[in-house]
Structure formats: structure tokens, C-alpha cells
Amino acid sequence: MPTTTRHREASPVEIYMSSLSEGSQGMRQCLEVIAEILSDGRHDAETFLWHEVTYRDTAALRRALLERYKPASVNKMLSNLRGVLKQTWRLGLIDADAYHRAAAVENVRSSNLLSGRALEGDEIARLFGVCATDPTAKGARDAAIFTVLYGCGLRRGELCRLDVQDFDAADASIVVQGKGRKQRTVYLTEDGCRYLKAWLRHRGDAFGPLFCPIRQTGEVVISAMRGESLAYILRRRQEEAGTDTFSPHDLRRANLTSLLDAGVDVFTVQKLAGHADPVTTFRYDRRGEQAKRRAVERLELPRLAA
């Protein structure tokens, strides 16, 4: 396996990282793990010779990762590996054949239970309920946060990156900067618009992030909200509402599951979610056995003669 120090004139890792959206530093950690495994601990992501990686290396890496991590984590790391190898090829450090061979390592297929969950309707109602009992700016902000995470199905990072000008009240829409700097438009219900407007009455219309921190004094600070702060807000409201624990992404799952359950075609849901592949959208389906039962009940068979 390659272990010597790579050429200093090019950095496929830095180029790859710069192509990702903000908040993707976890991807660098994936590359650090990969470099550590492939070099037997002698190199990090920056000093590792990515252009010497072969299919034999990536196949061995896949086996090693499976001994340490769950399939979803392994696939995430392999995806990042392919991303760096692609930049290595674009820099002219490897030829196309070597790149395609090394990147041909397959993802791990898993029949394990799906991770995460979709919140039930009564849980959503209780979360909005605890926000409604809070007359402060925090109550209005948190209700608006639930509106965007559940009502629009945004990712945590997408919500934190929203600016006030991304919300168009007249059109009941929000322009979202998604993964890979891809832009999409999502839409709000009439009630959803009311929640956003209620928050803006506290926030004001100054340029800057749509969702902001609020000091103990009640002062709204026009600065970006961190993902960790958002997770804390949701955890606090979850405790107040008495629901089972959930992650910010579970609200996105609930949104996509609800849309699919309502009969919205998967390609429309895919566009709203910002997924590049409809297969990814299907993975968010948490409708369960009742949905399968309702689907079967739509079938009509010839009546059996008595």
C-alpha cells in the first residue's frame, strides 16, 4: 500500500473539501481514517499518496472498515474516497484507467433495520404546543424552526445557512442552498407562513441569517446559528413536550414520509428533498406495515362464487 509522502504541488484532499458545502468537516475525518488504514498509521490525509491507491487497496480498505463501522458509515467513507480519487485524476496525478479501477469498490449492502425514525403526528403537535405556550421570542423562533424542519424537510445545515432574504412571504417559498451548492425551492403552507412571520416580528428584517441565537435577556443576535445550538433547542423542546428522543434529521424523515403517505409521487418528493437519486428518497420511507396494508386493500379481486 502507498506510504510515501505525496507531491506538494497539488492537494486533492483540499480541492475535494473545497467542493463540499459548509459544515462538511466530518468528511475530512473520514479521509483521515482512510489514510490511517491504508498507510498502517504512518500518514494522515494530507501526506498520504492518494495517486498510488489501487483497487487492491480499496478492496482491502472496504474489508477493514466493515470490521470497525456500520454499513452506512462504511459507504459514507467509500464515497469520500471516490471523491478524492476523482480530484486526483483531475489533477493529472493518475490516469483514467487507474482512477476508475481504484474507485470501482462497491458499497456495502445492508438488510439491517433503517436508522432514525419519523415522528408521529401527535408528537409534532406536542412540539408546536410547547412553543405556543412560550410567549417570548424563543417560542416564536422554535415554532418557526419546527415549521422549516418538518414542514419543508430541510437538513440541519440547510436551515442554519438560510438568510432572511431566502424567505419569500408573498410566494410562500424558501430558497434553499443544498448539498453540493445546489439550489432548490421549497414551499410553505399558509400556517407555515404565519409561523415564519411571527418569528420575523421578533427578529426584524435586518439582512443576515433567518434563524438566530437569542440571549437570556431576550435580545435577538443577528448571527448564524450553529448546528450544535439547533440540536440543543430541539432537545430542550423534546423534553418539555415529553416525546421520545429524536434528531433534527428525524423531522426531515417525518416530512418525506408524510408526503409519500399522502400519495405524492416519489419524483416530486425527491425534488423537494434535494436528493440526486430517487433511491435515496425511498430510504426515508418510514410508513411501515399499515401503508402496505392500505396499498393491498386497493386491489380488487374477482368475487368468489358462494
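Numbering (our numbering), first residue to last: -15 to 290. The C-beta atom is built at its ideal place from N, Cα and C for all residues, glycine as well.
Closest Cα partner of residue i within the set the options
| i | options | result |
| --- | --- | --- |
| ASP292 | ARG110, ALA153, ALA87, MET1 | Given a span of -15 to 290 for the chain in the structure shown, any question on residue 292 remains unanswerable. |
| CYS196 | LEU235, PRO262, ARG178, ARG125 | ARG125 |
| GLU104 | ASP228, ALA56, VAL159, ARG139 | ASP228 |
| LEU49 | HIS186, CYS14, GLU36 | CYS14 |
| HIS259 | SER2, ARG168, LEU146, SER3 | ARG168 |
| ALA156 | LEU172, ARG110, GLN149, GLU223 | LEU172 |
| GLU16 | GLY141, LEU146, ALA29, ALA116 | ALA29 |
| PHE32 | ALA56, MET61, ILE158, ALA19 | ALA19 |
| ILE108 | THR252, LEU65, PHE230 | PHE230 |
| LEU180 | GLY141, LEU77, SER63, ALA121 | ALA121 |
| GLY123 | GLY202, ASP261, SER3, LEU256 | GLY202 |
| GLN254 | MET11, LEU138, PRO232, CYS177 | LEU138 |
| GLY67 | MET11, ALA257, ARG236 | MET11 |
| LEU62 | ALA44, LEU77, ASP79, LEU75 | ALA44 |
| GLY247 | PRO232, ILE21, ASP269 | ASP269 |
| THR72 | ILE(-1), PRO119, GLY25 | ILE(-1) |
| SER2 | LEU214, LYS163, GLN222, ARG236 | LYS163 |
| PRO55 | LEU75, ALA82, ARG93 | ARG93 |
| PHE191 | VAL114, CYS177, GLY76, LEU146 | LEU146 |
| LEU244 | CYS115, PHE266, GLU51 | PHE266 |
| VAL114 | ALA80, GLU51, LEU218, ASP261 | LEU218 |
| LEU240 | GLY188, VAL132, ASP189, ARG178 | VAL132 |
| LEU4 | ASP261, GLY188, CYS177, GLN161 | GLN161 |
Burial state of residue i (16 or more Cβ within 10 Å)
| i | result |
| --- | --- |
| TYR216 | exposed |
| THR(-12) | Unreliable positioning characterises THR(-12) in this predicted model, as indicated by a pLDDT of 47, which lies under 50. The coordinate reading is nonetheless provided below. It is exposed - the Cβ of THR(-12) has fewer than 16 other Cβ atoms within 10 Å. |
| SER(-5) | buried |
| VAL263 | exposed |
| ARG(-10) | Per-residue confidence for ARG(-10) stands at a pLDDT of 45, beneath the threshold of 50, marking its modelled position as unreliable; no derived number is given. |
| ARG210 | exposed |
| LYS166 | exposed |
| ARG220 | exposed |
| GLU212 | exposed |
| THR117 | exposed |
| THR252 | exposed |
| GLN149 | exposed |
| ARG199 | exposed |
| PRO193 | buried |
| SER242 | buried |
| HIS142 | Checking the sequence shown, residue 142 turns out to be Glu, not His. So GLU142 counts as buried. |
| ASN96 | In this predicted model, ASN96 has a pLDDT of only 47, less than 50, meaning its place in the structure is not dependable; the value taken from the coordinates is given anyway. ASN96 should be labelled exposed. |
| PRO119 | exposed |
| ARG257 | Here the sequence assigns Ala to residue 257, which means Arg is not the residue at that position. So ALA257 counts as buried. |
| ARG236 | buried |
| VAL(-3) | buried |
Whole-number beta carbon distance between residue j and residue i, since they are thought to touch under 8 Å
| i | j | result |
| --- | --- | --- |
| VAL170 | CYS136 | 4 Å |
| ALA86 | TYR39 | 5 Å |
| PHE130 | PHE112 | 6 Å |
| CYS144 | ALA208 | 6 Å |
| VAL204 | HIS186 | 6 Å |
| VAL58 | ARG46 | 7 Å |
| ALA102 | ASP249 | At roughly 19 Å, the Cβ-Cβ gap does not stay under 8 Å, so ALA102 and ASP249 are not in contact. |
| ALA128 | TRP183 | 4 Å |
| ILE78 | HIS27 | With 8 Å as the limit, ILE78 and HIS27 do not qualify as a contact, their Cβ atoms being about 17 Å apart. |
| LEU65 | ARG140 | Contact doesn't hold; Cβ gap of about 24 Å is too wide. |
| LEU22 | ASP41 | 6 Å |
Beta-bridge partners of residue i, as assigned by DSSP
| i | result |
| --- | --- |
| ASP261 | DSSP, once it has assigned bridges, lists no residue as partnering ASP261. |
| GLN161 | GLN167 |
| ASP152 | SER157 |
| ASP147 | PRO193 |
Test: residue i CB closer than 9 Å to a CB of chain B
| i | result |
| --- | --- |
| VAL159 | Protein chains in the displayed structure number just one, and chain B is not present. |
Along the chain, which unbroken stretches of the alpha helix (DSSP H) at least 4 residues long are found entirely within the segment 165 to 204?
174 to 187
Fully enclosed by the segment 21 to 65, which alpha helix (DSSP H) runs are 4 residues long or longer?
39 to 52
Ranges of the alpha helix (DSSP H) found wholly within the segment 78 to 122, counting only runs of at least 4:
80 to 86, 105 to 116
With a floor of 4 residues, list each alpha helix (DSSP H) that falls wholly inside the segment 210 to 241, ordered by position along the chain.
211 to 225
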